[in-house]
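The block underneath contains the structure these notes are about, expressed in structure tokens.
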Ligand code: CUA
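Residue numbers (the numbering used here): 47 to 204.
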């Protein structure tokens with residue numbers, strides 16, 4: 047079969063770039079461990095307030111875990127509980143959050159913490175707060191008329 051040399055070149059380029067991208071995805075997923083969260087943790091959205099850890103929103107010190115603190119948030123239209131929290135600089139923290147009503151976002155501006163909060167599911171993220179200062183928590187999923195007012199504050203202090 048005769049193939050034009052340009053056609054051959056593009057075919058090689060196309061297949062080559064496909065292989066490059068698949069290799070990047072493979073290394074990222076299986077070597078660097080960049081995988082989506084499992085979403086296995088569930089909670090009854092109507093009983094959030096009475097169930098651990100959501101019965102104690104805020105920063106809680108924990109022992110014998112890979113992280114030093116658990117930072118628990120309950121989101122509901124149009125606020126987060128707690129509204130403000132202080133985190134010691136350098137603390138390894140597991141952020142645990144859920145919502146009581148509709149889908150909300152949980153983005154900590156200026157960091158790579160960005161989760162979707164879905165009713166019935168628990169969103170978790172382990173991070174180290176190694177920059178001092180004030181960080182704004184914002185909702186980045188449109189959730190209703192008060193969406194733009196939905197925020198919270200994390201103060202990282204020495
Ligand atoms: Cu909550 Cu937008």
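Idealized CB from N, CA, C, for every residue including glycine.
{"query": "Option nearest residue 127 by Cα separation, candidates 107, 171, 197 and 48", "result": "197"}
{"query": "Cβ neighbours of residue 182 in the same chain (closer than 7 Å, five flanking residues each side left out)", "result": "155, 197 and 199"}
{"query": "As assigned by DSSP and simplified to three states, the class of residue 110", "result": "coil"}
{"query": "Closer than 8 Å: residue 196 CB and nearest ligand 1 heavy atom", "result": "yes"}
{"query": "For residue 175, the three-state DSSP class (helix, strand or coil)", "result": "coil"}
{"query": "Proximity test, residue 155 beta-carbon vs ligand 1 heavy atom, cut-off 8 Å", "result": "no"}
{"query": "Backbone secondary structure at residue 77 - three-state DSSP", "result": "helix"}
{"query": "heavy atom of ligand 1 below 8 Å from residue 193 C-beta", "result": "yes"}
{"query": "Beta-carbon proximity of residue 176 to residue 136, cut-off 9 Å", "result": "yes"}
{"query": "Meets three-Cβ-pair contact criterion under 8 Å: the segment 137-156 and the segment 185-196", "result": "yes"}
{"query": "CB contact flag (residue 91, residue 204, <9 Å)", "result": "no"}
{"query": "Ligand 1 heavy atom lying under 8 Å from the CB of residue 186", "result": "yes"}
{"query": "Three-state class that DSSP yields for residue 166 in the structure shown", "result": "coil"}
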